[in-house]
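Report on one structure; see the data block that follows.
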Amino acid sequence: MGKTSGISDFEVIVTVKRAGSRLAAKVKPATVSEGEKVTLTCDTTCTLSDHPTLVWFRDGHSVPNTEFQTSIQDAGRYQCAVQSQENLTSAPVSLNVQLVEGSSVNLTCSSHANPAVENYTWFKKDGTIHTVNGQYFCEARNREGAHKSTVVSLTIQGANQDTKTFQMPVYISSAATVFIVIILFVFLWMWKSPIKLCQKTAVDKEDDQNSVLSRRRTSNEPATQETRTEEQENALCA
């Protein structure tokens, strides 16, 4: 009786889960005014070694502290990771830093590139210029090409930017209207003044003529001077 031998094939499915997917980054509070304090915490649902060292990143750049007073440069997307496993980061969370109206704002763009960056350009994401509020990003360019940064949000707290933007044109328009009205008033006044002068001159002329006739009756002197005056007045009112 012969023996048969064979090889059985079977499939093994191995599921690998990223450790980073077990990390949850939190920013408290998520929206602050410039100068307020922020705390970063990183929670995990998996078992880690005792007292693991966690590291933080903002838009890909290392963050040294988990508690700090905020500035506009701190706005962005934050991620945490376990040290030595920095490639396994948590899902990003956003920090929105609001500015108080009247504050100075400096947007800084930096890059590590080879060859060196030749120029930086800032852009507003939505493209509108009617408001200051919005998202901004920069573009670094060298002779090899260009690369864009992540966006940073800029919010002016307590300011209606749409209203403030259009106040100046409204004021300018109102001032221009008042100026035009004044010019028209002066023009009309100057235009009517010669008419009144001519009307008054006509009355005076009639009186002068009566006076001349009276003098002619008393003395037969020529009215040469009066005739010249009449000609000048006629030229004025022509």
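Okay, so the sequence shown: first residue is 329 according to this note's numbering, each after it adds one. Beta carbons are placed, not taken as given, at the ideal position from N, Cα and C, and that holds for glycine. Small disclaimer: the values here were computed from a predicted structure and weren't measured.
Status (buried if at least 16 other CB within 10 Å, exposed otherwise) for residue i
i	result
A409	buried
C370	buried
V366	buried
F385	buried
L564	At L564 the pLDDT is 45, less than 50, meaning the model places this residue with poor confidence and gives no usable figure here.
Q407	buried
F515	exposed
T417	buried
L512	exposed
Closest residue to residue i among the options (Cα-Cα distance)
i	options	result
G473	N442, L516, L368	N442
L382	E446, G455, A352, S431	A352
E467	N461, I484, Y448	Y448
S432	S390, I484, V355	I484
R471	E446, Q463, L482, G455	E446
N393	V355, E429, V428	V355
T372	G388, V391, R350	R350
V428	L416, S412, L482	L482
D387	R405, H379, E395	R405
L435	N415, T417, F465, H389	F465
N415	S438, S390, C437	S390
S412	G430, F513, V425, P380	P380
V425	N461, F451, C374	N461
T478	G455, I510, W450	W450
S438	R469, G455, T459	R469
L368	E395, T375, W517	E395
Limits of the unbroken beta strand (DSSP E) element including residue i
i	result
T359	359-361
T369	365-372
E395	395-397
Q463	462-470
T449	447-452
H475	473-476
L423	421-428
S390	389-391
V383	382-386
V410	404-410
V479	Looking at the DSSP string, V479 is not in any beta strand (DSSP E), and its letter there is neither H nor E.
L351	351-356
Within 7 Å, strictly: CB atoms of residue i and residue j
i	j	result
A358	V480	no
K453	Q463	yes
Any non-hydrogen atom of the ligand COA within 6 Å of residue i CB
i	result
V425	With respect to small molecules bound, the structure shown includes none, and the ligand COA cannot be examined in it.
Inset, instruction - Decide if the stretch 435-454 is in contact with the stretch 408-426; the criterion is three or more beta carbon pairs, one per stretch, under 8 Å apart. - result: No, the stretch 435-454 does not touch the stretch 408-426.
Legend entry - At least 3 beta-carbon pairs within less than 8 Å: the stretch 356-370 vs the stretch 397-406: Yes: the two stretches touch, three or more of their Cβ pairs being nearer than 8 Å.
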